[in-house]
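Asker: Dropping a structure here in structure tokens format, bear with me for questions.
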Amino acid sequence: MTTPLWCLLIASFIPFVLAGIGGYLRVQQLGELDANHPRVQAYELRDVAARAYAAQQNAWEALGLFTAAVVTAHLAGADAGSSATAASVFIVARVLHAGTYIADLAPARTVVFIVALGSCISLFYLAASA
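So the sequence shown is numbered by the working numbering: it starts at 611 and just counts up by one.
Take a look at the structure:
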């Protein structure tokens with residue numbers, strides 16, 4: 611399996627890790643996890659718990675674009691080394707994005723979001739150049 615595909619596997623687990631963190635913070639803040647109505651309960655979240663939930667949602671959203679970029683680059687036969695670099699940068703940026711989101715570091719979060727987006731654009735560019 612190629613490095614970008616391994617990165618895709620890692621990226622697929624980021625939202626689940628954030629769900630665990632968010633679940634813990636939800637219980638800390640609200641006293642329980644409402645498994646029957648978790649989305650309704652999410653509206654009650656504040657501060658760090660709300661940011662963890664938002665980071666999880668953002669991770670799911672980013673996964674779609676990254677999946678398309680990796681698969682497109684892979685099928686187009688894009689340069690393996692450059693694709694590996696772009697995919698690895700995406701993973702680092704998305705982990706940093708989650709951390710900066712939870713820590714309420716909005717300017718840094720924006721920077722790493724743009725870096726991750728640039729990685730996806732780079733993978734599409736590599737596919738187009740192949």
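Think of the CB as a built atom: it goes at the ideal place given N, C-alpha and C, for glycine as much as any other residue.
Just so it is clear, the structure is predicted and the values come from calculations on it, not from any experiment.
First and last residue of the alpha helix (DSSP H) that includes T613?
Answerer: If you number the sequence shown from 1, residue 613 lands on position 3. Segment 613-640, the alpha helix (DSSP H) holding T613.
Asker: With a cut-off of 8 angstroms on the beta carbons, I'd call I712 and V658 a contact; round off their distance for me.
Answerer: Position 102 of the sequence shown, counted from the start, is the residue given in the question as residue 712. Position 48 of the sequence shown, counted from the start, is the residue given in the question as residue 658. Rounded, the Cβ-Cβ distance is 6 angstroms, consistent with contact.
Asker: Are there 16 or more other CB atoms within 10 angstroms of the CB of R649, so buried, or fewer, so exposed?
Answerer: The count along the sequence shown starts at 1 and reaches residue 649 at position 39. R649 should be labelled exposed.
Asker: Can you say whether F626 is buried or exposed, counting buried as having 16 or more other CB atoms within 10 angstroms of its CB?
Answerer: Against the sequence shown, residue 626 aligns to sequence position 16. Within 10 angstroms of the beta-carbon of F626 lie fewer than 16 other beta-carbons, which makes it exposed.
Asker: Would you kindly check if the distance between the Cβ of A740 and the Cβ of A690 is under 8 angstroms?
Answerer: As a working note, residue 690 is residue 80 in the sequence shown. As a working note, residue 740 is residue 130 in the sequence shown. No; because the gap between Cβ atoms is not below 8 angstroms, this pair is not in contact.
Asker: What would DSSP say about Y735, mapped onto helix, strand or coil?
Answerer: For the purposes of this step, residue 735 is taken as residue 125 along the sequence shown, with counting starting at 1. In this structure, Y735 counts as helix in the three-state DSSP scheme.
Asker: Alpha carbon to alpha carbon, how far is V702 from E654?
Answerer: Counted from its first residue, the sequence shown places residue 702 at position 92. Counted from its first residue, the sequence shown places residue 654 at position 44. Here the alpha carbon of V702 sits roughly 31 angstroms from the alpha carbon of E654.
Asker: For P614, count the other beta carbons within 10 Å of its own beta carbon; 16 or more makes it buried, fewer makes it exposed. Which is it?
Answerer: By 1-based counting over the sequence shown, the position of residue 614 is 4. Looking at its Cβ environment, which holds 16 or more other Cβ atoms inside 10 Å, P614 is buried.
Asker: What are the boundary residues of the alpha helix (DSSP H) that includes A696?
Answerer: Sequence index remark: in the sequence shown, residue 696 carries index 86 (1-based). Looking at the DSSP string, the run of the alpha helix (DSSP H) that includes A696 is 690-712.
Asker: Can you list, in chain order, the residues of its chain with a C-beta nearer than 7 angstroms to that of S693? Leave out the 5 residues immediately preceding and following it.
Answerer: For the purposes of this step, residue 693 is taken as the residue at position 83 of the sequence shown. The answer, listed in chain order, is P614, A683, L733, L736.
Asker: Buried or exposed for F623, please, with buried defined as at least 16 other CB atoms from any protein chain shown within 10 angstroms of its CB.
Answerer: Taking the sequence shown and counting its residues from 1, the one referred to as residue 623 is at position 13. Sixteen is the threshold: since fewer than 16 other Cβ atoms of the shown chains lie within 10 Å of the Cβ of F623, the residue is exposed.
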